[in-house]
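To start, the structure itself, in structure tokens.
Numbering (full-length UniProt numbering), first residue to last: 1 to 319.
So this is what it looks like as structure tokens:
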């Protein structure tokens, strides 16, 4: 009976994995005869699983929709991906409600110890960024195995060697946190003593070095803010932080997510982290916010804003 039950679960897993299977294909995968496959299909139908059959030369089986939800057959990578996805949505403010919590509890209960440790390492080594921007670009695919390797290094305080895009030689990084932000994963760590961030989908870890490091965490511990600052300034020649006399939500509604990130200060103030290829462009862009703001640096921006203010004043007071 135990063998039959295990085989039926395996059969369900195969039927879930692709739309159609022939009886000989199923028999070969499970190491049984086609007659046994027909008998197992009959048993599944008796348990209200809608296994449909098409007879003839192109005959096949397929699992159709039905009133009864079949048990999902997940491999290790799929189980870890589901657990990470549920935890990430919950941590980033997604509203899964009690149903999401129940799914997580059930999954944690049945995960083997080796997978539970992987999921725990990723959960403990990751913080969620704010839901303050969006993008039309598709979310990049991230390998759960890479997340697991980086999370384990974060947990164990061991250095990792990373292959980076455009670089011939790997770099050795002290990993501190991963940040999940708007469908992307970032690694925050130290490289040559300085804080850096990397897109996880763009790096490839090499074999772990095994070399441990003494943790020296980021002052204040705000790893998402570091990611936002770097993501909002990549490729710019000019970088600025502007204090705006308005709630963060108001500023977010007026900017393109590609040109800046917003850090909340309090209910009536926020900081816009932005930049451009020139001071002149930044000065014009700030005015388009149509909100009161304060700028103290860089000095070149302060001077440019004063020059614009004088020009606008002359334009409205006559010759």
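The beta carbon of each residue, even a glycine, is placed where N, CA and C say it ideally should be.
Taking the straight line between their C-alpha atoms, what separation do you get for residue i and residue j?
| i | j | result |
| --- | --- | --- |
| residue 183 | residue 39 | 45 angstroms |
| residue 328 | residue 32 | With the chain covering only 1 through 319, there is no way to say anything about residue 328. |
| residue 140 | residue 189 | 21 angstroms |
| residue 143 | residue 254 | 35 angstroms |
| residue 49 | residue 74 | 18 angstroms |
| residue 10 | residue 277 | 58 angstroms |
| residue 315 | residue 307 | 12 angstroms |
| residue 1 | residue 151 | Low confidence applies here, because residue 1 scores a pLDDT of 40, under 50, leaving its location unreliable and the question unanswered by this model. |
| residue 47 | residue 180 | 41 angstroms |
| residue 266 | residue 129 | 18 angstroms |
| residue 12 | residue 241 | 56 angstroms |
| residue 287 | residue 167 | 40 angstroms |
| residue 67 | residue 81 | In this prediction, residue 67 has a pLDDT of 46, which is less than 50 and means its spatial position is unreliable; what the coordinates show is noted afterwards. Roughly 26 angstroms separates the two Cα atoms. |
| residue 105 | residue 5 | 25 angstroms |
| residue 303 | residue 161 | 45 angstroms |
| residue 281 | residue 109 | 55 angstroms |
| residue 320 | residue 117 | Since the first residue of the chain shown is 1 and the last is 319, residue 320 is not available in this structure. |
| residue 317 | residue 309 | 12 angstroms |
| residue 193 | residue 113 | 36 angstroms |
Between residue i and the rest of its own chain, which residues show a CB-CB distance below 7 angstroms, the 5 nearest in sequence each way excluded?
| i | result |
| --- | --- |
| residue 103 | 86 |
| residue 14 | 21, 26 and 29 |
| residue 165 | 202 |
| residue 163 | 170, 203, 204 and 206 |
Should residue i and residue j be called a contact, given that it needs their Cβ atoms to be closer than 8 angstroms?
| i | j | result |
| --- | --- | --- |
| residue 122 | residue 148 | yes |
| residue 127 | residue 285 | no |
| residue 107 | residue 61 | no |
| residue 30 | residue 7 | yes |
| residue 291 | residue 216 | no |
| residue 273 | residue 283 | no |
| residue 191 | residue 173 | yes |
| residue 119 | residue 83 | yes |
| residue 154 | residue 175 | yes |
| residue 199 | residue 186 | yes |
Can you list, in chain order, the residues of its chain whose CB lies under 8 angstroms from that of residue i, leaving out five sequence neighbours each side?
| i | result |
| --- | --- |
| residue 79 | 107, 111 and 115 |
| residue 225 | 263 |
| residue 64 | 50, 51 and 52 |
| residue 227 | 129, 179, 181, 186, 188 and 197 |
Does the beta carbon of residue i sit closer than 8 angstroms to a beta carbon anywhere in chain B?
| i | result |
| --- | --- |
| residue 29 | Of the protein chains in the structure, only one exists, and it is not chain B. |
To which residues of the same chain is residue i closer than 6 angstroms at the C-beta, ignoring the five residues directly before and after it?
| i | result |
| --- | --- |
| residue 212 | 157 and 158 |
| residue 243 | 271 and 294 |
| residue 300 | 279 |
| residue 23 | 34 and 37 |
| residue 229 | 273 |
| residue 289 | 254 |
May I ask you to check if the CB of residue i is nearer than 7 angstroms to at least one heavy atom of the ligand ATP?
| i | result |
| --- | --- |
| residue 317 | Absence of the ligand ATP is noted for the structure shown, with no ligands found whatsoever. |
Just checking my contact of residue i with residue j at CB under 8 angstroms: how many whole Å lie between their CB atoms?
| i | j | result |
| --- | --- | --- |
| residue 177 | residue 125 | 6 angstroms |
> Is the stretch 247-254 touching the stretch 204-216, taking contact as three or more C-beta pairs under 8 angstroms?
Replying inline: Judged by Cβ distances under 8 angstroms, the stretch 247-254 makes no contact with the stretch 204-216, as fewer than three pairs qualify.
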